[in-house]
Every structure is written in C-alpha cells, then in structure tokens.
Amino acid sequence: MTDLIEVKTADLAGEPLGWAVGMAEGMALHLEPPQYGNGWRVFAIYRGEATERCERYNPWEAWTLGGPLFDKHCKGFGMLQDGTDARYRAFAYDRPTGFSRLAGGPTILVAGCRAIAALNFGDTVQVPKELTHD
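Per the working numbering, the sequence shown starts with residue 44, numbered consecutively.
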C-alpha cells in the first residue's frame, strides 16, 4: 500500500475527499497512477459473484454517486450567502449512535462528502500521499 498522511477534514477536496468517503463507506478502493494528463485518481472496485469491475469514484462531483450518500447520511443541507468558499452546508447523521457532524464546502456535494468524512473520522483523516501531490 501507499504512505498515508493526515489531512484536515474541512480541507478535503477532489481525490482525497473521494478516498475519505469511500473508506467511510467501507469500499474497496484502487489508486490509478497519472495517465492521459490526469493526476492520481480513486477508483472503486465492485465485486459480484461472477464479475468484478473497477469504476471511477468521485462522489464530490457526480450526483449519481453523491446523491445516494445524501439519502443515506445527510439529513439537512443548505446555503449561506456569506460570500465564503464554504457557503454550502451539509449535516450528516448516524442514526444508531445519534452522532452528527456539520461541514461546509464550495458545492453541496463537497459539503456533504466532508460531513460524511467528519462523521466517520473526525477533524482529520488519513489519505494516500500520492493524492495530495497533483
């Protein structure tokens, strides 16, 4: 595996954010090295009884991935017109424990993903070093 570094949950964006959310969801993740002008990217490995597929995992920008996470975890969200980069807010809630976390971001998907990461890991999270050096 790769070396991990600690990142503030509130600062997570892009690939490190996808990694943190995937880990919070207990997913099997794969890092794809730079190619075709892209930096390191996160992929999810989905295994069935007779098949396996590896697909891009980017819930911070794809509603098809982030939307179901909102249904599962985020019980409130909205926007503040305060002029900051973190003007969107999302509130993630864990029903069995009653624990909740609030996070902000430049988009509602980023805010929701940060709230999910904060709910599971707290104020900091370990991410692969490669993802922070694009």
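The beta carbon of each residue, even a glycine, is placed where N, CA and C say it ideally should be.
Where do the ends of the beta strand (DSSP E) carrying residue i lie?
i, result
"P202", "The structure shown does not extend to residue 202, since the chain spans only 44 to 177, so no value can be given for it."
"R132", "131-136"
"E92", "E92 -> no beta strand (DSSP E), and no H or E assigned at all."
"P10", "It is not possible to answer for residue 10, since the shown part of the chain is limited to 44 through 177."
"T167", "167-171"
"A53", "Premise fails: A53 is in no beta strand (DSSP E) and is neither H nor E."
The alpha helix (DSSP H) spanning residue i covers which residue range?
i, result
"F142", "From DSSP, F142 is part of no alpha helix (DSSP H); its letter is neither H nor E."
"E58", "57-67"
"R157", "151-164"
Rounded to the nearest angstrom, what separates residue i and residue j at their Cα positions?
i, j, result
"F113", "Y79", "31 Å"
"Q169", "G110", "24 Å"
"H9", "N163", "Shown here, the chain extends from 44 to 177; a query on residue 9 therefore has no answer."
"D137", "G61", "19 Å"
"L145", "G91", "34 Å"
Buried or exposed for residue i, please, with buried defined as at least 16 other CB atoms from any protein chain shown within 10 angstroms of its CB.
i, result
"N81", "exposed"
"Y100", "buried"
"F142", "exposed"
"L47", "exposed"
"A63", "buried"
Subject >> Stretch pair the stretch 114-126 + the stretch 96-106: three plus CB contacts closer than 8 Å >> reply: no
Original post:
Are the stretch 151-166 and the stretch 128-141 in contact at 8 Å, needing three or more beta carbon pairs?
Top reply: yes
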